[in-house]
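Here the structure is laid out as structure tokens; the discussion comes afterwards.
2 protein chains.
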Amino acid sequence: MLRKKKLARGVAIVGGGLTKLGHFKDRNSKDLFAEAYTEMIGSVDKGIDPRDIEAIYIGNFTNDFFVNQGHWAPIISDLVGHVPKPVTRTEGACASSALAFREGVFAIASGFYDIVLVGGLEQMSKRTTEEVAEGLAMAASPYEVATGFTFPGVFGTTATAYFAKYGASREDLFNVTIKSHNNAPLNPKAQFPMTIRDFMNARIERCRQKGEPIPNWKDEKDFLRDPVANPPIAWPMHLFDCCPISDGASCLLLVAEELARRFTDVPIHVAGIGQGSGYSLHAKENLTSFEATRAAAQEAYEMSGLKPEDIQFSEVHDCFSMAEIVHLEDLGFYKPGYGYKAVNEGQTRLNGPKPINTSGGLKTKGHPVGATGVAQLYEVWVQLRGKAGKRQVPNPNLRVGGAHNLGGTGGTCTFTILERR
Amino acid sequence: MLRKKKLARGVAIVGGGLTKLGHFKDRNSKDLFAEAYTEMIGSVDKGIDPRDIEAIYIGNFTNDFFVNQGHWAPIISDLVGHVPKPVTRTEGACASSALAFREGVFAIASGFYDIVLVGGLEQMSKRTTEEVAEGLAMAASPYEVATGFTFPGVFGTTATAYFAKYGASREDLFNVTIKSHNNAPLNPKAQFPMTIRDFMNARIERCRQKGEPIPNWKDEKDFLRDPVANPPIAWPMHLFDCCPISDGASCLLLVAEELARRFTDVPIHVAGIGQGSGYSLHAKENLTSFEATRAAAQEAYEMSGLKPEDIQFSEVHDCFSMAEIVHLEDLGFYKPGYGYKAVNEGQTRLNGPKPINTSGGLKTKGHPVGATGVAQLYEVWVQLRGKAGKRQVPNPNLRVGGAHNLGGTGGTCTFTILERR
Numbered sequence: 000m001l002r003k004k005k006l007a008r009g010v011a012i013v014g015g016g017l018t019k020l021g022h023f024k025d026r027n028s029k030d031l032f033a034e035a036y037t038e039m040i041g042s043v044d045k046g047i048d049p050r051d052i053e054a055i056y057i058g059n060f061t062n063d064f065f066v067n068q069g070h071w072a073p074i075i076s077d078l079v080g081h082v083p084k085p086v087t088r089t090e091g092a093c094a095s096s097a098l099a100f101r102e103g104v105f106a107i108a109s110g111f112y113d114i115v116l117v118g119g120l121e122q123m124s125k126r127t128t129e130e131v132a133e134g135l136a137m138a139a140s141p142y143e144v145a146t147g148f149t150f151p152g153v154f155g156t157t158a159t160a161y162f163a164k165y166g167a168s169r170e171d172l173f174n175v176t177i178k179s180h181n182n183a184p185l186n187p188k189a190q191f192p193m194t195i196r197d198f199m200n201a202r203i204e205r206c207r208q209k210g211e212p213i214p215n216w217k218d219e220k221d222f223l224r225d226p227v228a229n230p231p232i233a234w235p236m237h238l239f240d241c242c243p244i245s246d247g248a249s250c251l252l253l254v255a256e257e258l259a260r261r262f263t264d265v266p267i268h269v270a271g272i273g274q275g276s277g278y279s280l281h282a283k284e285n286l287t288s289f290e291a292t293r294a295a296a297q298e299a300y301e302m303s304g305l306k307p308e309d310i311q312f313s314e315v316h317d318c319f320s321m322a323e324i325v326h327l328e329d330l331g332f333y334k335p336g337y338g339y340k341a342v343n344e345g346q347t348r349l350n351g352p353k354p355i356n357t358s359g360g361l362k363t364k365g366h367p368v369g370a371t372g373v374a375q376l377y378e379v380w381v382q383l384r385g386k387a388g389k390r391q392v393p394n395p396n397l398r399v400g401g402a403h404n405l406g407g408t409g410g411t412c413t414f415t416i417l418e419r420r
Numbered sequence: 000m001l002r003k004k005k006l007a008r009g010v011a012i013v014g015g016g017l018t019k020l021g022h023f024k025d026r027n028s029k030d031l032f033a034e035a036y037t038e039m040i041g042s043v044d045k046g047i048d049p050r051d052i053e054a055i056y057i058g059n060f061t062n063d064f065f066v067n068q069g070h071w072a073p074i075i076s077d078l079v080g081h082v083p084k085p086v087t088r089t090e091g092a093c094a095s096s097a098l099a100f101r102e103g104v105f106a107i108a109s110g111f112y113d114i115v116l117v118g119g120l121e122q123m124s125k126r127t128t129e130e131v132a133e134g135l136a137m138a139a140s141p142y143e144v145a146t147g148f149t150f151p152g153v154f155g156t157t158a159t160a161y162f163a164k165y166g167a168s169r170e171d172l173f174n175v176t177i178k179s180h181n182n183a184p185l186n187p188k189a190q191f192p193m194t195i196r197d198f199m200n201a202r203i204e205r206c207r208q209k210g211e212p213i214p215n216w217k218d219e220k221d222f223l224r225d226p227v228a229n230p231p232i233a234w235p236m237h238l239f240d241c242c243p244i245s246d247g248a249s250c251l252l253l254v255a256e257e258l259a260r261r262f263t264d265v266p267i268h269v270a271g272i273g274q275g276s277g278y279s280l281h282a283k284e285n286l287t288s289f290e291a292t293r294a295a296a297q298e299a300y301e302m303s304g305l306k307p308e309d310i311q312f313s314e315v316h317d318c319f320s321m322a323e324i325v326h327l328e329d330l331g332f333y334k335p336g337y338g339y340k341a342v343n344e345g346q347t348r349l350n351g352p353k354p355i356n357t358s359g360g361l362k363t364k365g366h367p368v369g370a371t372g373v374a375q376l377y378e379v380w381v382q383l384r385g386k387a388g389k390r391q392v393p394n395p396n397l398r399v400g401g402a403h404n405l406g407g408t409g410g411t412c413t414f415t416i417l418e419r420r
């Protein structure tokens, strides 16, 4: 009964919007979604009448318990003047809006709708760090939480297992962080548009102002080794290995492939969609791999007919530096145990052969969890259209990009392949 | 650009499971889902290898805040041995699992999957009534909650507006309650398998045992008029106008139409799917109608080519007795202002021309919110297969049934039409 997975009807992206990410104490997730939506409407090259949008899918994780308001579908519907048309919320923790994207694809591929808006929203910064840690722990497995694990702990465990198995060390993780922060200032929407050098200079300046001793770091790695500048969170995950708490919203406009050129001459096609589920830490046979990522990748490759080497660049879920390395391997970009070597060699830099997280990644761009999946796809869409400005991948033949989104500690994963044809 | 909505590929139901609904203090929502899942596996006439299920969609509303655990997709995936295949949670308050059903339909209709499990789960009874009221209020609009409205208040307002507009009264609502309770003892899964007569007798027996004066009710309506037996909640909604707090889980197995007869000789086809969103009370132009229901109905009728008069019986979201009457009108079964008259005439009884809530409805069967949408569809599936036992609709030509699910105070609505061909 098994057969190659494919869609009855192609789907393309013809518009998108993404807020700047950061801490916006005076704005709520509705405000943010309205901003992303407005950018999306303006982004459609040949214009879109918003009334032609037939359905909406939105991803959100924390509003139920951080804002004490559930059932966001009708709120969003009312916000963008969409009543009485359908709106559906999907939730898969940090992968919530990648699920919204996938359901939007299915809704069009099924033949039922032609034009669907997908997006995500999250407001986190109004809560204390402790509240956020407790809230996000609800996305982990109950077995993990019961044994004292929160997110940094789970990925710290992944790291120690990886180090033991492959001989890597914290020094190798530094290269992920440095690479992502090198991309950050090139992204005007990044929460931390700063290189590690910028952080070093800022700290030196502060010491100078306060009359404190000036740190004497040799280089970026030396800064990251400093336990004052980069304190441990859950060893070996230090502060600069961990993504921040962020507010933000994102959206993309999907249409049936045969209609795409009514909206733009540069539609970006959905070549492959994959999703998987994964075990909790206690049940994993292999601590240095995420079966959800592997399953998602397999499904997306199978549908697209593409191979890992065909993915010219990708957003990869870097909630922690360690996660990026393991996912590079699970996505098939590098063999197990070679992900950190590829990073060390600079292969994943913006000008390398396989740029990863050109947006700066979750670490520097920010991680408003429910908005992240579509925010990653927005980056790939922007890059494939050649509109990424200073962070544009320097490849005149850019055709295929990937976006990998992980929910929780590995429980849900999506991998999506976009293509410019 | 507008066109008739249809699916590229048909979808049929070939299996289902539903727990008994009620208060199960010693069981959690995982336990309940396992029970529904096990019934589903056993229900497939020609058998199903669970490993052939390609994807799962689950609806849940309250686990985030009642159980302090989010991200239920991987938990369910692990529970039923589905890792690493995809699981997606949908949330639309009380319509959460009807959304799961709809996404399952799209996933198959898109051509991507052939076999998909959809379901819902909820555990509510471990929380106090106050906690449940507060939690469910999160499904209402923020404007409603800010002005002191909870669910009974919103539907009480609907009722007073309806009474004023059409000359109906509480006496008319009694007929909804009496009708639903007449169906309840015929459903072995009902939370309250009792007629109103049974309640009267139980109370008389209790008075006798306690040596209290024996009430002298003339009939069922007299009992419902008694403010001690049937106290007000939010006038004119009294206790017997309101559905209970329930635990339960439900699931259905969906397959591509062309594969259905591999699993059963009696597949039940998805003839129409509709979904809508609605305004909050403060923005409604018409207090006696739900635009989300009207939009959902229109979409489902349009796809199916069927008319309201073709729907031989239906589950209709009766979170409150008033809701059932208004929805009978919004679904087009009766003209505005005639719903209560149809109920009074007995048209919606099990042996009437348009049986409504043969299951007993939310009022008597129970309302585990995230499980309800699929539980309603389960009832229609069972009826169309002729397996409803004592509550089987007495029509040898039963071919078409509907299921209407409302989320929140009207924010999300689905209407689904199933057909035996």
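If you read the sequences in order, they're chains A and B.
All residue numbers for the first sequence refer to numbering that gives the first Met the number 0, where the first residue is 0 and numbers rise by one.
All residue numbers for the second sequence refer to numbering that gives the first Met the number 0, where the first residue is 0 and numbers rise by one.
Glycine residues also receive a C-beta, built at the ideal position from the N, C-alpha and C atoms.
query, result
"Residues, ordered as in the chain, of the stretch 36–69 of chain A that lie near chain B by beta-carbon distance below 8 Å", "ASP51, ALA54, PHE60, ASP63, PHE64, ASN67, GLN68 and GLY69"
"HIS81(A) at chain B interface by Cβ criterion, 9 Å", "yes"
"Residues near ARG348(B) in its chain [Cβ-Cβ closer than 8 Å; skip 5 each side]", "LYS178, ASN181 and PRO354"
"Beta-carbon separation (whole angstroms), GLY247(A) vs THR411(A), contact threshold 8 Å", "Rounded, the Cβ-Cβ distance is 20 Å, inconsistent with contact."
"Nearest candidate by alpha-carbon position, reference THR157(A), set TRP234(A), VAL104(A) and HIS70(A)", "TRP234(A)"
"Stretch pair the stretch 213–229 of chain A + the stretch 181–199 of chain A: three plus CB contacts closer than 8 Å", "yes"
"Nearest residue (CA-CA) to GLY119(B), options MET39(B), MET236(B) and GLY400(B)", "MET39(B)"
"Amino acids of chain B, ordered along the chain, whose beta-carbon sits closer than 8 Å to that of LYS125(A)", "Residues of chain B passing the Cβ test: none, with the nearest at roughly 15 Å."
"Run of the beta strand (DSSP E) containing GLU121(B), from where it starts to where it stops", "114–121"
"Sheet register partners of GLY372(A) (DSSP bridge)", "BP columns for GLY372(A) are empty, so no partner."
"Rounded C-alpha distance that separates ASN229(B) from CYS242(B)", "13 Å"
"Where GLY345(A) falls, given that 16 or more other Cβ within 10 Å makes a residue buried", "exposed"
"Contact list for PRO151(A) against chain B, beta-carbon separation under 7 Å", "Per Cβ cutoff of 7 Å: no residues; PRO151(A) is ~17 Å from chain B at best."
"Straight-line gap, ARG8(A) to ILE107(B) (C-alpha atoms, nearest Å)", "12 Å"
"Reference LEU6(B); option with closest CA among GLU170(B), HIS316(B), VAL269(B) and ASP317(B)", "VAL269(B)"
"Interface residues of the stretch 265–281 of chain B facing chain A [CB-CB below 9 Å]", "ILE272, GLY273, GLN274, GLY275, SER276, GLY277, TYR278 and SER279"
"Inter-residue CB distance, GLY400(A) and SER303(A) (contact presumed, cutoff 8 Å)", "Wrong, their Cβ atoms sit about 12 Å apart, outside the cutoff."
"Beta-carbon proximity list for GLU102(A), same chain, < 8 Å, skipping 5 on both sides", "TYR56, THR87, THR89 and VAL117"
"Where ILE52(A) sits in the DSSP three-state scheme", "coil"
"Contact between the stretch 200–213 of chain B and the stretch 370–389 of chain B (3+ Cβ pairs under 8 Å)", "no"
"Residues of its chain near THR263(A), where Cβ-Cβ distance is below 7 Å and the 5 sequence neighbours each way are ignored", "VAL13, VAL43, ASP44 and LYS45"
"Those residues which DSSP pairs with ILE203(A) across a bridge", "DSSP output for ILE203(A) lists no bridge partner at all."
"is_contact[GLY407(B), chain A] using C-beta, thresh 9 Å", "yes"
"Own chain partners of ASP309(A) with C-beta closer than 7 Å, once the 5 adjacent residues on each side are dropped", "VAL399"
"Residue from LEU98(A), PRO83(A) and GLN122(A) whose Cα sits closest to the Cα of HIS444(A)", "This structure gives no information on residue 444(A), because the portion of chain A shown stretches from 0 to 420."
"Residues of the stretch 6–22 of chain A whose Cβ lies closer than 8 Å to any Cβ of chain B, in chain order", "LEU6, ALA7 and ARG8"
"Whole runs of the beta strand (DSSP E) within the stretch 334–416 of chain B, excluding any shorter than 3 residues", "399–406"
"Interface flag, ARG260(A) vs chain B, CB-CB below 9 Å", "no"
"Whole-angstrom distance between ARG260(A) and PRO266(A), CA atom to CA atom", "7 Å"
"Contacts around LEU397(A), its chain only, beta-carbon distance under 8 Å, and the 5 residues preceding and following it disregarded", "GLN311, PHE312, GLN382, LEU383, GLY385 and ARG419"
"Contact under 9 Å by Cβ, CYS93(B) with ASN356(B)", "no"
"Range covered by the alpha helix (DSSP H) that runs through ARG297(A)", "The sequence given here has Gln at residue 297(A), not Arg. Start and end: 290–303."
"Test: ALA402(A) CB closer than 9 Å to a CB of chain B", "no"
"Neighbourhood of GLU476(B) by C-beta, 7 Å cutoff - its chain only, sequence neighbours within 5 removed", "Outside the shown range of chain B, which is 0 to 420, sits residue 476(B), and nothing can be said about it."
"6 Å Cβ shell around LEU1(B) - same chain, five flanking residues per side excluded", "Bear in mind that the predicted position of LEU1(B) carries a pLDDT of just 49, short of 50, making it too unreliable to give a figure here."
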